[in-house]
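Quick note on numbering: numbering that gives the first Met the number 0 labels position 40 of the sequence shown as 39, and the sequence is numbered without any gaps.
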Amino acid sequence: MTEAIKASAEEVELAILEGFRSGVTERQIGLQFGVTAAAITKRAKKMRAKYGAVDRAHLVAIAYDIGLLKPRGAS
């Protein structure tokens, strides 16, 4: 995997996590990247498997725990 593709994949994962934290739908996230809601759902499923999460909320909690997401207003 090239660095550009890896960075892009990481950006998409972070955008999905940010969207889930904000209560945004898969469709809305997909529109941001020009892909379908199904594509975002599939990526989120892979992310849940990768991090051992059982659902969206658990995935966001894990993202906070491992430092992928920071509390709003934190630098």
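No residue lacks a Cβ here, since even glycine has one placed at the ideal position from N, Cα and C. Being a predicted model, the structure only gives us computed values, none of them experimental.
Limits of the unbroken alpha helix (DSSP H) element including residue i
i	result
Val-59	55 to 64
Leu-67	Premise fails: Leu-67 is in no alpha helix (DSSP H) and is neither H nor E.
Gly-22	Careful: Gly-22 lies outside any alpha helix (DSSP H) and carries neither H nor E.
Thr-40	36 to 50
Residues near residue i in its chain [Cβ-Cβ closer than 7 Å; skip 5 each side]
i	result
Ile-39	Ile-15, Glu-25, Ile-28 and Gly-29
Asp-31	Before going on, a small fix: residue 31 reads as Gln here, not Asp. Excluding residues within five positions, the ones whose Cβ falls inside 7 Å are Ala-14.
Cβ neighbours of residue i in the same chain (closer than 8 Å, five flanking residues each side left out)
i	result
Val-59	Leu-16, Phe-19, Arg-20 and Leu-68
Val-53	Arg-47
Nearest-angstrom Cβ-Cβ length linking residue i and residue j, presumed shorter than 8 Å
i	j	result
Arg-42	Val-11	7 Å
Chain-order list of residues whose beta-carbon lies under 6 Å from that of residue i (same chain, five-residue window excluded)
i	result
Ile-61	Tyr-50 and Ala-52
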